[in-house]
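Colleague: First, the structure itself, so that you have it in front of you.
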Amino acid sequence: IEHLLVMPVTPFQIVFSKVIANGAIILLISFLSFKIVIEYAIGAEIQGNLFFFMIASAVYLIFTTGLGIFLGTVTHSMPQMGLLFILVVLPMNLLSGAFTPLESMPQGLQKVVSFMPATAYVSMAQAILFRNAGFDVVWPHMVLVLSLGLGVLTFSIIYFRNFLERQG
0 IEHLLVMPVT
10 PFQIVFSKVI
20 ANGAIILLIS
30 FLSFKIVIEY
40 AIGAEIQGNL
50 FFFMIASAVY
60 LIFTTGLGIF
70 LGTVTHSMPQ
80 MGLLFILVVL
90 PMNLLSGAFT
100 PLESMPQGLQ
110 KVVSFMPATA
120 YVSMAQAILF
130 RNAGFDVVWP
140 HMVLVLSLGL
150 GVLTFSIIYF
160 RNFLERQG
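42 is the number that the working numbering gives to position 43 of the sequence shown; each next residue is one higher, with no gaps.
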């Protein structure tokens, strides 16, 4: 943090550089995983549009980056971050529908998780990769993830800026 405080950059520039660098690496590794592991090593053909899936993943990365920045800013150590991760991110991912079908959850919980970006992302990914769905099918999920992602990222940047001002 001390290095960031003396640099002539804004909090937005710090966050933007992290988002671009980490996002590019995550998307590249995801793409290579599909090509090398799924298509080459396993020999399974992907039915959906991989490029469109990467766009959906980039939209979801906006949310996860914002959430990560916020969680990293409110904690003071890695153990605190780990505990907060267990309380926030782990339930969000376990209830997303990737591990357990949403239909097997109680009705009230289904309604709650339907507004979570992770659930929308899983629905988008399954529709795109398994059913070759296009934008006309997944746009409601895309709008939900993008709007929540931009909201969380904006809030996180503002909170991060205030955090840096308190440090300096």
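Backbone N, C-alpha and C fix where the C-beta goes; we use that ideal spot for every residue, glycine too.
The model shown is predicted, which means the values in this text are computed figures rather than measured ones.
Only counting the same chain, and skipping five residues up and downstream in sequence, which positions put a Cβ closer than 6 angstroms to that of residue 163?
Modeller: So the qualifying residues of the chain are 10.
Colleague: The alpha helix (DSSP H) that contains residue 166, what's its start and end?
Modeller: Counting along the chain, the alpha helix (DSSP H) containing residue 166 begins and ends at 134 to 166.
Colleague: Could you tell me if residue 69 is buried or exposed, where buried requires 16 or more neighbouring beta carbons within 10 angstroms of its beta carbon?
Modeller: Buried.
Colleague: When the Cα atoms are used, what is the spatial distance from residue 19 to residue 12?
Modeller: Going by the C-alpha atoms only, they are around 10 angstroms apart.
Colleague: Could you please give the first and the last residue of the uninterrupted alpha helix (DSSP H) stretch that includes residue 113?
Modeller: That residue, residue 113, is in no alpha helix (DSSP H); it is neither H nor E in DSSP.
Colleague: State whether the segment 43 to 63 contacts the segment 119 to 136, with contact taken as three or more CB pairs (one from each stretch) at a distance under 8 angstroms.
Modeller: Yes, the segment 43 to 63 is in contact with the segment 119 to 136.
Colleague: Measure from the alpha carbon of residue 155 to the alpha carbon of each residue in 65, 83 and 97, then state which is nearest.
Modeller: The shortest C-alpha separation from residue 155 is found at 65.
Colleague: Going by the CB atoms, is the gap between residue 92 and residue 119 shorter than 8 angstroms?
Modeller: Cβ atoms of residue 119 and residue 92: not closer than 8 angstroms.
Colleague: Using the C-alpha atoms, what's the distance from residue 150 back to residue 137?
Modeller: Going from the Cα of residue 137 to the Cα of residue 150 covers about 20 angstroms.
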